[in-house]
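Worksheet: the structure to be examined is printed underneath.
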Amino acid sequence: MDVYEAVDSRRAVRAFSGKPVPKEVLERVLAAAARTPSSGNLQPWHVYVVTGEPLAELKKRATARALAGDPGDEREYPMYPAGLASAYLDRFSAAAAQRYEALGIERDDPARPVRIAALNAEAFGAPVVLFCYLDRTMGPGQWGDAGMYLQTVMLLLRAEGLHSCPQVMWTTYRETVSEMVGADDELVLFCGVAVGFEKEGAPQLRTTRADMTETVSFVGT
1 MDVYEAVDSR RAVRAFSGKP VPKEVLERVL AAAARTPSSG NLQPWHVYVV TGEPLAELKK
61 RATARALAGD PGDEREYPMY PAGLASAYLD RFSAAAAQRY EALGIERDDP ARPVRIAALN
121 AEAFGAPVVL FCYLDRTMGP GQWGDAGMYL QTVMLLLRAE GLHSCPQVMW TTYRETVSEM
181 VGADDELVLF CGVAVGFEKE GAPQLRTTRA DMTETVSFVG T
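For the sequence shown, this note's numbering begins at 1 and goes up steadily by one.
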């Protein structure tokens with residue numbers, strides 16, 4: 001699979017099969033992803049790979065919180081900025097509508113928040129979840145580095161025939177996650193990434209993207 005194919009086929013999968021992911025594949029992906037660029041070569045990411053019984057227990061605890069209507073732990077960073085402007089809000093709303101339809105959840109379903117939280121807490125059935133943390137001393141530049149690192153990981157997963165789904169939702173249950181993985185208080189949970197093989201027959205969602213002319217300007221060409 002070349003890079004263009006990996007980029008084009010990468011999407012947030014929300015239905016995974018129970019097929020195990022070989023540890024050697026994960027090790028190969030994460031070793032290669034270490035080549036991701038980072039300002040000053042700080043390599044600020046701290047990753048915990050959770051599988052098997054520990055993941056089953058984490059899913060159990062998080063799902064229990066979701067089904068109980070637990071509002072979650074206090075956020076350590078905002079998921080989205082307040083007062084999104086029109087272009088961004090339009091894209092957000094369109095993508096949300098597409099996700100709800102693919103998951104079979106009506107937009108006006110009063111149980112929608114709980115159902116979505118529970119699906120996320122199960123990592124959509126993924127047998128592996130990667131949790132990416134950063135040291136609290138790191139700034140916006142290093143958060144950008146972590147984003148590049150995770151994108152590299154997700155593209156390498158495609159080269160291995162695997163899919164993924166980045167889940168900022170896990171920050172809602174960050175205390176439960178940190179307790180399970182043993183992360184100390186000096187680390188901030190950036191997000192989780194569900195990893196696995198896509199479940200056969202599951203609805204496939206590819207959210208729309210803005211035309212390049214909306215986001216790219218050529219200067220001097």
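Even for Gly, the Cβ is constructed at its ideal location relative to N, Cα and C. Keep in mind that this is a model prediction, so the values were computed, not measured.
Practice prompt. Whole angstroms is fine: what's the gap from ASP184's alpha carbon to ALA95's?
Written response: 35 Å
Worksheet entry | DSSP three-state assignment for THR176, whether helix, strand or coil | helix
Fill in: When GLU198, LYS59, ALA97 are compared against GLY161, the one with the closest alpha-carbon
GLU198
Discussion item. Here's the rule I'm using: 16 or more other beta-carbon atoms within 10 Å means buried, otherwise exposed. How should ASN41 be labelled?
Written reply: exposed
Item to complete: Would you tell me roughly how many angstroms separate the C-alpha atoms of GLU225 and ARG65, rounded to the nearest one?
Response: Since the displayed the chain opens at 1 and closes at 221, residue 225 lies outside it and no answer follows.
Worksheet entry | the region 66-85 in contact with the region 41-52 per 3-pair CB rule at 8 Å | no
Practice prompt. Could you spell out where the alpha helix (DSSP H) holding GLN43 opens and where it closes?
Written response: Segment: none, GLN43 is in no alpha helix (DSSP H) and carries neither H nor E.
Practice prompt. Tell me whether PRO166 sits in a helix, a strand or coil according to DSSP, three-state version.
Written response: strand
Worksheet entry | Secondary structure of GLU198, DSSP reduced to three states | strand
Worksheet item: According to DSSP, which residues form a beta bridge with LEU130?
Response: VAL49, VAL193
Fill in: Enclosing alpha helix (DSSP H) for ARG158 [first to last residue]
140-159
Worksheet item: Taking LYS19 as the reference, which of CYS191, ALA126, GLU214, THR171 has the closest Cα?
Response: ALA126
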